[in-house]
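A.B. asks: One line per chain: the protein sequences are A and B, in this order. Quick note: the first sequence uses the UniProt record's numbering, first residue 1, plus one each step. Quick note: the second sequence uses the UniProt record's numbering, first residue 1, plus one each step.
There are 2 protein chains.
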Amino acid sequence: MGLDKEKVENLKTTLEVVCGKWKGIILLELVGRTLRFNELKTELHEASHQTLIKQLKELEADGLIERKAYPVVPPKVEYSLTPYGRELESMLEDMVEWGMRHRSGEKQKEYS
Amino acid sequence: MGLDKEKVENLKTTLEVVCGKWKGIILLELVGRTLRFNELKTELHEASHQTLIKQLKELEADGLIERKAYPVVPPKVEYSLTPYGRELESMLEDMVEWGMRHRSGEKQKEYS
DNA sequence: CGGTATCCAACGTGATACTG
DNA sequence: CAGTATCACGTTGGATACCG
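1) Mind checking who A61 (chain A) pairs with in its DSSP beta bridge?
2) Under a Cβ-count criterion, where at least 16 other Cβ atoms within 10 Å of its own Cβ denotes burial, should K5 (chain B) be classed as buried or exposed?
3) Take every Cβ of the region 65–82 of chain A, pair it with every Cβ of the region 73–87 of chain B, and state whether three or more of those distances are shorter than 8 Å.
4) Provide the residue(s) that pair with Y70 (chain B) in DSSP beta bridges, ordered along the chain.
5) Assign R101 (chain A) to one of three DSSP states: helix, strand, or coil.
6) Please report how far the alpha carbon of E60 (chain A) lies from the alpha carbon of R33 (chain B), in whole angstroms.
7) Nearest chain A C-beta to E58 (chain B) closer than 7 Å, yes or no?
8) Ignore the nearest five residues each way along the sequence and tell me which others in H49 (chain A)'s own chain have a CB closer than 8 Å to its CB.
9) Select from A:G24, A:D62 and A:G105 the residue whose C-alpha is nearest the C-alpha of S90 (chain A).
10) Measure from the C-beta of L81 (chain B) to each C-beta in chain A and report whether the shortest distance is under 7 Å.
11) My assumption, with CB atoms under 8 Å, is that L28 (chain A) sits in contact with L11 (chain B). Please give the rounded CB distance.
12) In angstroms with no decimal places, state the Cα-to-Cα distance between H45 (chain A) and L3 (chain A).
13) By the criterion of Cβ-Cβ separation under 8 Å, what are the contact partners of G85 (chain B) in chain A?
14) Quick one: is K7 (chain A) buried, meaning 16 or more other Cβ sit within 10 Å of its Cβ, or exposed?
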């Protein structure tokens with residue numbers, strides 16, 4: 001046998017939650033602040049309206065973000081991290097940092 | 001404006017590298033040890049032969065793992081983390097830990 | 001034993017159009 | 001402004017069969 005099966009399952013769980021095309025980025029955008037739908041859409045200008053909504057719904061269903069709709073017209077909806085989603089912050093930081101090294105190093109023959 | 005564009009790009013880079021269906025798990029399996037192809041295949045018994053090879057190739061192309069082929073018959077190939085891939089270890093640990101909390105907490109109304 | 005080559009099904013993303 | 005519905009498309013994962 002090899003690795004603890006539990007660890008693998010736990011990792012899978014996290015990967016499933018974070019690995020939507022824009023999910024990680026949405027979470028990063030929401031670190032330390034609350035954004036309206038339109039603000040998110042502006043930040044993620046590359047993601048389509050439709051896709052953005054789907055990913056938000058999934059993140060909400062997974063308990064990572066909170067959706068707060070104000071009963072006004074025109075509609076106003078705010079998204080923020082749940083306490084639960086905030087527990088991902090350090091991981092996101094790690095990812096950003098590693099990505100930075102990866103991009104600057106690209107062909108890191110420099111390890112020799 | 002909002003978040004630093006660089007941070008977003010860095011995060012994207014990391015997500016692309018880690019978000020293959022089995023990539024994260026492969027990396028986790030290789031933490032602290034070297035495995036032959038068949039051993040990996042046994043560990044990841046749910047992944048198909050073909051898929052496993054594809055993911056390994058991509059991880060290799062991204063510089064995360066090293067492939068060492070011995071010119072013997074029958075063939076013997078060993079996979080291990082590069083120094084570069086090892087820099088992901090702490091992130092993987094974070095993911096495992098968060099996944100554990102997520103699975104045990106599922107409906108964490110308990111935050112109140 | 002480890003890898004390649006096709007081919008295909010499933011899913012996720014995104015475009016468009018319409019609603020409250 | 002925010003969301004739903006429908007459909008089209010590309011990418012990915014996987015099945016199968018065959019090489020070194």
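The beta-carbon is built from N, C-alpha and C at its ideal position, and this holds for glycine as well. Just so we're clear, the structure is a prediction, and the values are computed from it rather than from any experiment.
C.D. replies: If we stick to the structure as given:
1) On the first sequence, residue 61 (chain A) is found 61 positions in, with the first residue counted as 1. BP columns for A61 (chain A) are empty, so no partner.
2) Here residue 5 (chain B) refers to the residue found at position 5 of the second sequence. With fewer than 16 other Cβ atoms inside 10 Å of its own Cβ, K5 (chain B) counts as exposed.
3) By the criterion of at least three beta-carbon pairs nearer than 8 Å, the region 65–82 of chain A is not in contact with the region 73–87 of chain B.
4) Against the second sequence, residue 70 (chain B) aligns to sequence position 70. Per DSSP, the beta-bridge partners of Y70 (chain B) are B:K76.
5) Start at 1 with the first residue of the first sequence, and residue 101 (chain A) comes out as number 101. Annotated three-state conformation of R101 (chain A) is helix, per DSSP.
6) On the first sequence, residue 60 (chain A) is found 60 positions in, with the first residue counted as 1. On the second sequence, residue 33 (chain B) is found 33 positions in, with the first residue counted as 1. Roughly 37 Å separates the two Cα atoms.
7) As a working mapping, residue 58 (chain B) is identified with position 58 in the second sequence. Using a Cβ-Cβ cut-off of 7 Å, E58 (chain B) does not count as an interface residue toward chain A, since no Cβ of chain A sits closer than that to its own.
8) Residue 49 (chain A) sits at position 49 when you count from the first residue of the first sequence. Closer than 8 Å at Cβ, skipping near neighbours: K41.
9) As a position in the first sequence, residue 90 (chain A) is number 90, starting the count at 1. For S90 (chain A), the nearest C-alpha among the options comes from A:G24.
10) Position 81 of the second sequence, counted from the first residue, corresponds to residue 81 (chain B). Answer no: the Cβ-Cβ gap between L81 (chain B) and chain A never drops below 7 Å.
11) Position 28 of the first sequence, counting from 1, holds the residue named residue 28 (chain A). Position 11 of the second sequence, counting from 1, holds the residue named residue 11 (chain B). That pair is a contact at about 6 Å.
12) Locating residue 45 (chain A) in the first sequence gives position 45, where the first residue counts as 1. Locating residue 3 (chain A) in the first sequence gives position 3, where the first residue counts as 1. Cα-Cα distance, rounded: 41 Å.
13) In the second sequence, the residue the question calls residue 85 (chain B) occupies position 85. None at all; the shortest Cβ gap to chain A is about 10 Å.
14) As a working note, residue 7 (chain A) is residue 7 in the first sequence. Residue burial is scored here from C-beta neighbours: K7 (chain A) has at least 16 other C-beta atoms within 10 angstroms and is therefore classed as buried.
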